[in-house]
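Worksheet for the structure shown next.
Residue numbers (our numbering): 30 to 204.
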């Protein structure tokens with residue numbers, strides 16, 4: 030892959046992810062509170078507990094998910110887009126557009142991240158994958174497994190963030 034193509038297709042993944050997750054970080058706290066309140070009103074407290082997230086928890090989880098994306102972009106740039114980590118992250122990032130659109134359809138309205146999904150998630154992923162094809166970069170056989178692992182990391186990061194937020198709240202001095 031040419032240097033210029035490698036830079037925009039690999040480091041662009043980190044840039045697109047960052048902008049997309051910034052939308053999520055800004056909109057998610059209010060959205061999750063409203064969604065949890067709606068579940069509470071419907072007598073669905075178990076769902077409310079799952080959905081409700083603190084600002085601190087959201088930012089922590091996003092940071093934890095950002096680590097493998099930063100590593101993937103760097104590895105992709107280093108290998109000219111040939112690494113399994115980069116290709117798996119790019120594939121997973123593109124596929125997660127389906128979850129954003131599906132969630133908005135199911136909720137019949139806005140859900141965090143859907144505004145930047147068409148351009149930054151689906152659009153960037155298709156353009157970068159197209160560049161890999163144009164440059165004849167072979168698909169790494171382990172990229173699919175990496176996609177699954179990165180997909181599993183998202184709920185783990187939220188669980189870690191929730192546990193960390195609870196631990197910090199427990200250590201606060203109460204008057």
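For every residue, glycine included, the Cβ atom is placed at its ideal position computed from N, Cα and C.
No experiment lies behind these values; they were computed from the predicted model shown.
Classification of residue i by the beta-carbon crowding that lies within 10 angstroms, buried from 16 upward
i           : result
residue 147 : exposed
residue 72  : exposed
residue 135 : exposed
residue 44  : exposed
residue 141 : buried
residue 96  : exposed
residue 39  : buried
residue 42  : buried
residue 33  : exposed
residue 162 : exposed
residue 155 : exposed
Chain-order list of residues whose beta-carbon lies under 8 Å from that of residue i (same chain, five-residue window excluded)
i           : result
residue 94  : 50, 182, 183 and 186
residue 58  : 82, 83, 84 and 87
residue 132 : 140 and 143
residue 31  : 164
Nonlocal neighbours in the same chain, by C-beta distance under 7 Å from residue i, ignoring five residues either side
i           : result
residue 88  : 54
residue 114 : 100, 101, 104 and 175
residue 172 : 113, 116, 117 and 120
residue 125 : 150
Below-8 Å beta-carbon distance, residue i vs any chain C residue
i           : result
residue 155 : Here there is only one protein chain, and chain C is not present.
Residue i - containing alpha helix (DSSP H), residue span
i           : result
residue 133 : 113-136
residue 70  : 41-70
residue 156 : 153-163
residue 140 : First-last for residue 140: undefined, no H or E at that position.
residue 97  : 84-108
8 Å contact criterion, which residue i and residue j should meet: CB distance rounded
i          : j           : result
residue 35 : residue 106 : 6 Å
Cutoff 6 Å; reference residue i; Cβ partners in own chain excluding five residues on either side
i           : result
residue 190 : 86, 89 and 90
residue 194 : 83, 85 and 86
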